[in-house]
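One structure is given below, encoded as structure tokens.
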Amino acid sequence: MQGTPPNIDVGQLGPVSGSSVGDFVELLKPRVMSLVVFTALTGMVAAPGSVHPVIAIIALLCIAIGAGAAGALNMWYDADIDAHMARTAARPIPRGRLTPDEALSFGSVLSVFSVLTLGVLVNWTAGALLAITIAFYLFIYTMWLKRLTPQNIVIGGAAGSFPPMIGWAAVTGSVSIESVLMFLIIFMWTPPHFWALALYRCRDYERVGVPMLPVVAGPTETRRQIWLYSLLLVPLAVVPSAIGLTGVVYTVSSIVLGAMFLYLAWRVRTITEGREADAAAKQLFGFSILYLFLLFAVMLGEHAVWRLMA
Numbered sequence: 000m001q002g003t004p005p006n007i008d009v010g011q012l013g014p015v016s017g018s019s020v021g022d023f024v025e026l027l028k029p030r031v032m033s034l035v036v037f038t039a040l041t042g043m044v045a046a047p048g049s050v051h052p053v054i055a056i057i058a059l060l061c062i063a064i065g066a067g068a069a070g071a072l073n074m075w076y077d078a079d080i081d082a083h084m085a086r087t088a089a090r091p092i093p094r095g096r097l098t099p100d101e102a103l104s105f106g107s108v109l110s111v112f113s114v115l116t117l118g119v120l121v122n123w124t125a126g127a128l129l130a131i132t133i134a135f136y137l138f139i140y141t142m143w144l145k146r147l148t149p150q151n152i153v154i155g156g157a158a159g160s161f162p163p164m165i166g167w168a169a170v171t172g173s174v175s176i177e178s179v180l181m182f183l184i185i186f187m188w189t190p191p192h193f194w195a196l197a198l199y200r201c202r203d204y205e206r207v208g209v210p211m212l213p214v215v216a217g218p219t220e221t222r223r224q225i226w227l228y229s230l231l232l233v234p235l236a237v238v239p240s241a242i243g244l245t246g247v248v249y250t251v252s253s254i255v256l257g258a259m260f261l262y263l264a265w266r267v268r269t270i271t272e273g274r275e276a277d278a279a280a281k282q283l284f285g286f287s288i289l290y291l292f293l294l295f296a297v298m299l300g301e302h303a304v305w306r307l308m309a
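Position 76, counted from 1, in the sequence shown is what numbering that gives the first Met the number 0 calls 75; the numbers after and before it change by one each time, with no gaps.
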């Protein structure tokens, strides 16, 4: 690792005018972190057995810190392209509120701290999974795949899929088919979610040379891939009920939400021109976040009720 990301002209980022606590919080990508913590919590509650509440809180804090550390390291490495993209230009490094070295140090310290604390105080299976998550996001996705292949978000999406497995391992000390299934749901959700964003942010990625699917293969192929991944995701999301991980409420919810997801994905597939096409992509992107949240919220709610009734 170097203190400055490759191909970055620090002078273009503007002078560092003094950092604030808010700038470091922004490095952690709080919105992404909140979804990570929520899916990890679902994995913990859905796991068989129990864990002391203090240990559970420590586990969730470590997962949150680890997710934030990965976000900070991503912003460190991507500062050169972030400065030229409308969606990311206001981040702390491009705006000169933090230096790349500060972001690198901050992310590195938090990474080591979160992994070691989770391993020592909870268990090393969970600690190892968190280490893999951070390393995968930084080295495999950010440093390698993102600027190399249009399949970047497909393979790289694995990094965001680990949290429920980590939560499950925090309770059980192991990985099971149920936690792998939760991983797979997020993994299959990531491409249609992110490619919907990429469709209406295509010029940003084209400007900085990131080979997102709409840039390399064009919007028509991207829409086709969104539809195909949606067709795989929706039935996969019903499988937890088939293996006894969830109950009737989840079954009904996943079917209804899946139908809505497919409807919006089909609109993206068929509306290909003008502002309506961008609107359809934005609508799918926004709903996809709600879709994943509600799936895991219902799963969490069912298991919470089952525990209370046991």
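Just so it is clear, CB atoms sit at the ideal spot from N, CA and C, and this is done for glycine as well.
Just so we're clear, the structure is a prediction, and the values are computed from it rather than from any experiment.
Does residue i come out as helix, strand or coil in the three-state DSSP assignment?
i, result
"residue 87", "coil"
"residue 278", "helix"
"residue 12", "Residue confidence is low: residue 12 scores 49 on pLDDT, short of 50, so the model does not pin down where it sits. Its coordinate-derived value is still stated next. If DSSP states are grouped into helix, strand and coil, residue 12 belongs with the helices."
"residue 6", "At residue 6, the pLDDT of 49 sits below 50, so the modelled position is not reliable; the number obtained from the coordinates is stated separately. The answer is coil: DSSP assigns residue 6 none of H, G, I, E or B."
"residue 308", "helix"
"residue 254", "helix"
"residue 126", "helix"
"residue 210", "coil"
"residue 266", "helix"
"residue 285", "helix"
"residue 202", "helix"
"residue 244", "coil"
"residue 165", "helix"
"residue 1", "Because residue 1 sits at a pLDDT of 37, beneath the cut-off of 50, its placement in the model cannot be relied upon, and the point is left open."
"residue 300", "helix"
"residue 92", "coil"
"residue 82", "coil"
"residue 292", "helix"
When you compare only the Cα positions, how much space is there between residue i and residue j?
i, j, result
"residue 68", "residue 55", "20 Å"
"residue 4", "residue 78", "Its pLDDT being 45, under 50, residue 4 is placed unreliably in this model, and the value from its coordinates should be taken loosely. About 7 Å."
"residue 236", "residue 95", "42 Å"
"residue 145", "residue 135", "12 Å"
"residue 259", "residue 80", "34 Å"
"residue 248", "residue 297", "7 Å"
"residue 348", "residue 285", "What is shown of the chain runs 0 to 309, which leaves residue 348 out entirely."
"residue 240", "residue 250", "6 Å"
"residue 209", "residue 216", "12 Å"
"residue 22", "residue 100", "14 Å"
"residue 261", "residue 232", "9 Å"
"residue 138", "residue 168", "23 Å"
"residue 63", "residue 129", "10 Å"
"residue 266", "residue 115", "46 Å"
"residue 309", "residue 148", "49 Å"
"residue 166", "residue 288", "20 Å"
"residue 302", "residue 245", "8 Å"
"residue 151", "residue 180", "22 Å"
"residue 176", "residue 20", "41 Å"
"residue 89", "residue 82", "8 Å"
"residue 304", "residue 276", "42 Å"
"residue 182", "residue 36", "14 Å"
"residue 263", "residue 127", "37 Å"
"residue 213", "residue 91", "27 Å"
"residue 243", "residue 143", "38 Å"
"residue 202", "residue 131", "32 Å"
"residue 293", "residue 188", "13 Å"
With respect to the alpha helix (DSSP H) encompassing residue i, which residues constitute its N-terminal and C-terminal limits?
i, result
"residue 58", "52-76"
"residue 199", "176-199"
"residue 220", "218-235"
"residue 158", "Taken as a continuous stretch (DSSP letters only), residue 158 belongs to no alpha helix (DSSP H), as it is neither H nor E."
"residue 43", "29-45"
"residue 239", "238-241"
"residue 148", "No alpha helix (DSSP H) holds residue 148; DSSP gives it neither H nor E."
"residue 272", "First-last for residue 272: undefined, no H or E at that position."
"residue 118", "99-120"
"residue 26", "20-26"
Within the 8 Å Cβ cut-off, does residue i reach chain B?
i, result
"residue 202", "Absent from the structure: chain B. Only one protein chain is present."
*Do the stretch 258-278 and the stretch 202-222 meet, that is, are 3 or more Cβ pairs less than 8 Å apart?*
yes
_Segment contact, 8 Å Cβ cut-off, at least three pairs: the stretch 96-108 with the stretch 153-166_ = no
_Using a Cβ distance threshold of 8 Å, determine whether the stretch 121-129 contacts the stretch 28-43, with at least three qualifying pairs required._
no
_Check whether the stretch 19-33 and the stretch 69-76 touch, using three or more Cβ-Cβ pairs below 8 Å as the test._
yes
*Taking 8 Å as the threshold, find out whether the stretch 188-202 comes into contact with the stretch 281-297 through three or more Cβ pairs.*
yes
*Touch check for the stretch 46-55 and the stretch 111-119: three-plus C-beta pairs under 8 Å?*
no
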